[in-house]
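Here is the structure we will look at.
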Amino acid sequence: MGAHPINEMFPVTRAQALREHARLRASPVPLERPVLILGGWRAPRLTALGLERTLKPLTSGRDEDFLTVTYPLAGSAASAWARAERALLERFSEGGPGLGRPIDVVGISMGGLVAKLAAMDPERRRALGFGFCGERRLHVHRLFTLATPHRGARLARLVRFDAATRLMRPGSPLLRALDDSPALERLVPYTLLGDWWVGSGGTAPEGLVPIWLPPQTLAERALGHFLINRNPAIVADVARRLRGEEPLGRAGAPPPSD
């Protein structure tokens, strides 16, 4: 396995990122908006909760600023959003901060697609063929996506046993329809090179480039898609953006072919 190139637009080592974590933890700041973390396809809750537990002390440190929603039994993006909508209404009063005013969203893998769907008008969702998935839209101020298959997932060409995997098939009409979502107005996509599950080049919509990093550990080389939410540099970059600070990384050249 050859060495991956360095991204000059995101030249942060693991050691540098961990030092940045220490700085951020030492100086919590209030957040302008609540943060919703949406888990991936059929992923265990611990995966997304791990991101919340890392991200929270790097920002405000306040439990009330974060809500994590997972849906391991959901067979479609629509049912995943319906689950997230219920969780938001349980956490906040109807029309409260979770639904009635802008919110920042971090979507892990399919969670980014769920956020794009949630930000669309309910009638538009039904017209596109997503079926019933709630009567409200999520006001996404910023959307941070981690290894989200915006252009489809490589593995979805082979695995299509539910509506979610069919949605994530490259070339899927419903997948392309999600690129009309208002959530794309302030989208920040991230990827790790060597993502054999999705493919790094597919982790941003057409016309956009993801912020990419080479894998920084042996585990990331093998399982980068599943470990991106634990990458210290990417988590630090999201935290700085949530805090209103200058980011560590920026989009530049497209990720090298993997």
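Residue numbers for the sequence shown, in this note's numbering: 12 to 269. Just so it is clear, CB atoms sit at the ideal spot from N, CA and C, and this is done for glycine as well. These figures come from a predicted structure and were not determined experimentally.
Exposure of residue i, with buried meaning 16 or more beta-carbon neighbours within 10 Å
i	result
residue 228	exposed
residue 84	exposed
residue 74	exposed
residue 17	exposed
residue 106	Bear in mind that the predicted position of residue 106 carries a pLDDT of just 48, short of 50, making it unreliable; the figure below should be weighed with that in mind. Classification for residue 106: exposed.
residue 184	exposed
residue 19	exposed
residue 41	exposed
residue 249	buried
residue 101	exposed
residue 191	exposed
residue 29	exposed
residue 55	exposed
residue 43	exposed
residue 194	buried
residue 263	exposed
residue 231	buried
Beta-carbon proximity check, residue i vs residue j, cutoff 8 Å
i	j	result
residue 82	residue 156	no
residue 197	residue 153	yes
residue 125	residue 49	yes
residue 220	residue 66	no
residue 204	residue 265	no
residue 23	residue 62	no
residue 149	residue 136	no
residue 206	residue 235	yes
residue 69	residue 35	yes
residue 78	residue 57	no
residue 53	residue 96	no
residue 93	residue 80	no
residue 199	residue 252	yes
residue 76	residue 45	yes
residue 260	residue 21	yes
residue 166	residue 208	yes
Paired residues, beta bridge with residue i - DSSP
i	result
residue 148	Its beta-bridge partners do not exist; DSSP assigns none.
residue 77	46
residue 283	Since the first residue shown for the chain is 12 and the last is 269, residue 283 is missing from the structure and cannot be characterised.
residue 92	In DSSP, residue 92 forms no bridge with anything.
residue 207	Paired residues: none, contrary to the question.
Nearest-angstrom Cβ-Cβ length linking residue i and residue j, presumed shorter than 8 Å
i	j	result
residue 218	residue 162	Not really, about 11 Å apart at Cβ, beyond 8 Å.
residue 277	residue 179	Because the chain is modelled from 12 through 269, residue 277 falls outside the range shown and cannot be assessed.
residue 158	residue 239	5 Å
residue 243	residue 25	6 Å
residue 15	residue 226	6 Å
residue 51	residue 119	5 Å
residue 164	residue 88	Their Cβ separation, rounded to whole angstroms, is 13 Å, which puts residue 164 and residue 88 out of contact at 8 Å.
residue 139	residue 91	Contact flag wrong, Cβ pair sits at about 16 Å.
residue 255	residue 173	Not really, about 39 Å apart at Cβ, beyond 8 Å.
* Asked: Hey, which unbroken runs of the alpha helix (DSSP H) at 4 residues or more fall wholly within the region 155-202?
  -> 174-178 and 184-188
* To do: Jot down the residue ranges of each uninterrupted beta strand (DSSP E) in the region 215-264, minimum 3 residues, whole runs only, in chain order.
  => 222-224
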